[in-house]
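Enquirer: In my numbering, the protein residues as written are 83 to 671.
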Amino acid sequence: MASYLQIENISKSYGPKVLFEHIGFNINEGDKVALIAPNGTGKTSLLRILAGKDSSDSGGKVLFLKDIRIAFLEQEYAYDPEKTIFRQVMDSSKEWTEQLDQDHLWQYELRVTQLLDQFALNGERLMKELSGGEVKRVALTQMLASEADFYIMDEPTNHLDIDAIEFLEGHLKHSRCTLFMVTHDRYFLDRVCNTVMEMDRGQIFIYRGDYMNFLEKRQERIDNYNAETERVRNLYRRELEWMHASPCARTGKAKYRKQAFWDIKERADDSYIQKKVDLSETKVGNTYLGNKVINCRDVSFWWEQKCYLRHFTYNFQRYERVGIVGRNAAGKTTFLNLITGGWKPEMGGTLEGVIDLGESLKIGYYHQSGMHFKPGQTVLQTVNDTHLLGRFLFTHDMLNNPVERLSGGERRRLYLLTILLQQPNFLILDEPTNDLDIVTLEILEEYLLEYKGSLVIVSHDRHFLDRLVDHLFVFCGDGVVKDFVGNYTEYRTFIKDYEEARRIDQKPVQVQAKVKTTAKKLSYKEQQELKALEEKLPQLESEKAQIEAKLSGGELGLEELQALSARYGELKEELDLAEMRWLELSETT
83 MASYLQIENI SKSYGPKVLF EHIGFNINEG DKVALIAPNG TGKTSLLRIL AGKDSSDSGG
143 KVLFLKDIRI AFLEQEYAYD PEKTIFRQVM DSSKEWTEQL DQDHLWQYEL RVTQLLDQFA
203 LNGERLMKEL SGGEVKRVAL TQMLASEADF YIMDEPTNHL DIDAIEFLEG HLKHSRCTLF
263 MVTHDRYFLD RVCNTVMEMD RGQIFIYRGD YMNFLEKRQE RIDNYNAETE RVRNLYRREL
323 EWMHASPCAR TGKAKYRKQA FWDIKERADD SYIQKKVDLS ETKVGNTYLG NKVINCRDVS
383 FWWEQKCYLR HFTYNFQRYE RVGIVGRNAA GKTTFLNLIT GGWKPEMGGT LEGVIDLGES
443 LKIGYYHQSG MHFKPGQTVL QTVNDTHLLG RFLFTHDMLN NPVERLSGGE RRRLYLLTIL
503 LQQPNFLILD EPTNDLDIVT LEILEEYLLE YKGSLVIVSH DRHFLDRLVD HLFVFCGDGV
563 VKDFVGNYTE YRTFIKDYEE ARRIDQKPVQ VQAKVKTTAK KLSYKEQQEL KALEEKLPQL
623 ESEKAQIEAK LSGGELGLEE LQALSARYGE LKEELDLAEM RWLELSETT
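(1) Helix or strand or just coil, what does DSSP make of Asp345?
(2) Between Asp231 and Asn276, what straight-line distance do the alpha-carbon atoms span, to the nearest angstrom?
(3) Please go through the same chain and pick out, in chain order, the residues whose beta-carbon is closer than 6 Å to the beta-carbon of Phe270, but skip the five residues on each side of it.
(4) Are the CB atoms of Leu523 and His266 nearer to each other than 8 Å?
(5) From Gly559 to Glu156, what distance separates their C-alpha atoms?
(6) Under 6 Å Cβ to Cβ from Glu428, same chain only, skipping five residues before and after it: list those, please.
(7) Could you check the C-alpha separation between Val567 and Leu554 for me, to the nearest Å?
(8) Return helix, strand or coil for Gln285, following the three-state DSSP convention.
(9) According to DSSP, which residues form a beta bridge with Gly405?
(10) Could you give the DSSP three-state label for Gly431: helix, strand or coil?
(11) Return yes when the C-beta of Leu622 is under 7 Å from any heavy atom of the ligand COA, and no when it is not.
(12) DSSP beta-bridge partners for Cys378?
(13) Where Val540 and Leu511 are concerned, what is the direct C-alpha to C-alpha distance, given to the nearest angstrom?
(14) Between the Cα of Lys607 and the Cα atoms of Leu667, Ile406 and Lys564, which residue gives the shortest distance?
(15) Distance check for Ala412 and Glu386, CA to CA, integer angstroms please.
(16) Just verifying my parser: in three-state terms, what is the DSSP assignment at Thr600?
(17) What is the DSSP secondary structure of Asn108, reduced to helix, strand or coil?
(18) Helix, strand or coil for Met279, going by three-state DSSP, please let me know.
(19) Could you tell me the alpha carbon to alpha carbon distance between Gly205 and Glu191, rounded to whole angstroms?
(20) Note the first and the last residue of the continuous beta strand (DSSP E) segment covering Ile89.
(21) Would you please state the rounded distance, in angstroms, between the beta carbons of Leu222 and Phe201? I believe it to be under 8 Å.
(22) Using the Cα positions of Glu656 and His253, report the straight-line distance between them to the nearest angstrom.
(23) Flag this pair as yes or no: are the beta carbons of Arg409 and Asp658 separated by less than 8 Å?
(24) Once you ignore the five residues that flank Arg493 on each side, which residues in its own chain have a CB closer than 7 Å to its CB?
(25) For a quick check, are the C-beta atoms of Thr260 and Ile109 less than 8 Å apart?
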């Protein structure tokens, strides 16, 4: 395989903090690489250097194979709020479209339209009307439409709903592209990537295989390193005795041994200790929670003409664990604001029904938007407890850092600490996995498994939901909420089995209809219907052929292209139904 990317001797630091130093690696054609590292160690900085949006402090080389096309997905997508979705994508794709002739430009526009349909986006909507997840889908549409040879992606699943993640997952899994990405989504990583790259203590380690293989091989590496450290320590003790016993005057050979002694001492002091977030002292969940938690009776909520919640009735129980899933903008965060009392009439919208909160209820609400802080506010001013900050991996040299200078994951970690310190007995986590590294997520999962209180989680992280929840509120759209007992994987299995059963059940019905109708003649009404179908089918076929010719002509404007694409889908469905009905009637004659 050709080497698509060669990295040599690149470094990055901010002030005294060194993120990585003199690192190098190769990525070959067909590699699908996930970069894993703790928060604040430079994952995003490394990706920005590769994408040409930042530079290495030490010079070095970033060499891509000549003439390959590279697309970069940043965590934050820059857009014009006044543009439509389609115009935003096309205007931001000029590096791909400027050299295209009319025919290829039409194909590119058609590809954009198809991707927008896959992501359930209407290209005529304005960017300023979109939720965070919808903006992310626009960014992904722009990236995938380019059909680049090499994708560089920074947290591609952040803010997406699970349907969008599963579409992206399938697209990348079956694509022949090469990719390099940062992700915290373990299912996504396992199903898309064939290689894990770890950035640890400023060095790069490569593991071929899935995430479980990475964990096993990484532990082997650490165990071997620490075993070597023990061997060097034994050697150090012998050399220390020699240093104390030998006279001050040294021969040339003794001086060399003396220099080697300091090298041995440095290596003997360097055992590998994994730093992990320690949640054991936050004592969350110790607050008493009575039998009455949150009772909802016939609750509906409307915003202008859109219904976000329709006749919802449910009594939350002590110690239950609820996952909330649904498409972006289906009303999940709105629901959380309603049940926590965060909505006020002056905010707009219409609330009907009763939401009754228990007297002993103490809510801890981790918002998707993150924490609010004043400009210049430091880590220590946010949480005035150096011991607990240390448990959350905020070292002494970070305590006076302004919060705005922390990485996205570090800010999330600090925000999580402020919520847990409130000792809530009803904990709401709205997209808690965004920006957190995988190791911190696993520790958070273990902690929440022991949490003594009620837990509500909105998350696109399927692994996180599978481990932590007992049942799901599925937001189906138009205010409808279904309660499913089980975790997310069980829910998806149920849906697939249900759809398969419906597909299978339809076949015997059609066969039965054919068998029954052969025993009787057509009625006059059926004869007329058959005659009409025989006239209609050629017309539909002709219209279908005309649309196909126009779509392939490359001369359509955007509005006509979208209208014909929609009509083509309707026509195919109408033709299938007409052919099926004609077949049933014709077999009876």
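Beta carbons are placed, not taken as given, at the ideal position from N, Cα and C, and that holds for glycine.
Expert: Walking through what the data contain:
(1) helix
(2) 17 Å
(3) Thr239 and Glu251
(4) yes
(5) 29 Å
(6) none
(7) 6 Å
(8) strand
(9) Ile539 and Leu554
(10) coil
(11) Annotation note on the ligand COA: not contained in the displayed structure, which lists no ligands.
(12) Tyr396 and Ile437
(13) 6 Å
(14) Leu667
(15) 15 Å
(16) The pLDDT assigned to Thr600 is 37, lower than 50, so where the model puts this residue is not dependable, and the model offers no usable value.
(17) strand
(18) strand
(19) 11 Å
(20) Ser85 to Tyr96
(21) 7 Å
(22) 29 Å
(23) no
(24) Gly452, Met453 and Val485
(25) yes
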